[in-house]
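Structure, as structure tokens:
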Amino acid sequence: MKATVQKYKNREGKQAFKVVAPYMDGHELKSKIKKFNPSTDYAAHAKPKQAAQEAANAYVPKLTLQAMISFLRSTPSGMV
Numbered sequence: 234m235k236a237t238v239q240k241y242k243n244r245e246g247k248q249a250f251k252v253v254a255p256y257m258d259g260h261e262l263k264s265k266i267k268k269f270n271p272s273t274d275y276a277a278h279a280k281p282k283q284a285a286q287e288a289a290n291a292y293v294p295k296l297t298l299q300a301m302i303s304f305l306r307s308t309p310s311g312m313v
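Basically my numbering = 1-based index in the sequence shown + 233.
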């Protein structure tokens, strides 16, 4: 399952970004979420919204890889 960048509104009503990676925990579908908020974490940048979006896009491959490794570890050998 692949991680994706999604837009959401932060507490101030401004656009922010989150990376969502669905994964299976046993037979239950769960999601790992990491938020990138331009109003807090990236406020010191000249373009905080762009910096937050770039950081979210850079995080997608890392989270996708973590989800894939977790899936492979949870799958009995011979099934993949």
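Note that CB positions come from ideal geometry on N, CA and C, so glycine has one too.
Own chain partners of residue i with C-beta closer than 7 Å, once the 5 adjacent residues on each side are dropped
{"i": "E245", "result": "S272"}
{"i": "Y241", "result": "A249 and K251"}
Beta-carbon contacts of residue i that lie in its chain and below 6 Å, excluding the five residues immediately before and after
{"i": "A236", "result": "V252, A254, V293, L296 and T297"}
{"i": "I266", "result": "K251 and V253"}
{"i": "A289", "result": "V238, F250, V252 and F269"}
Buried or exposed by the 16-neighbour rule on C-beta atoms within 10 Å, applied to residue i
{"i": "N270", "result": "buried"}
{"i": "A276", "result": "exposed"}
{"i": "Q283", "result": "exposed"}
{"i": "Q286", "result": "buried"}
{"i": "A291", "result": "exposed"}
{"i": "Q300", "result": "According to the sequence provided, residue 300 is Ala. The question's Gln does not apply to it. With 16 or more other Cβ atoms within 10 Å, it is buried."}
Option nearest residue i by Cα separation, candidates the options
{"i": "N243", "options": "G259, A300 and D274", "result": "D274"}
{"i": "S307", "options": "G259, Q299, H278 and K280", "result": "G259"}
Residues that DSSP places opposite residue i in a beta bridge
{"i": "S264", "result": "P255"}
{"i": "Q239", "result": "K251"}
{"i": "F269", "result": "F250"}
Own chain, CB closer than 8 Å to residue i, minus 5 neighbours either side, in chain order
{"i": "L262", "result": "P255 and Y256"}
{"i": "S303", "result": "Y256"}
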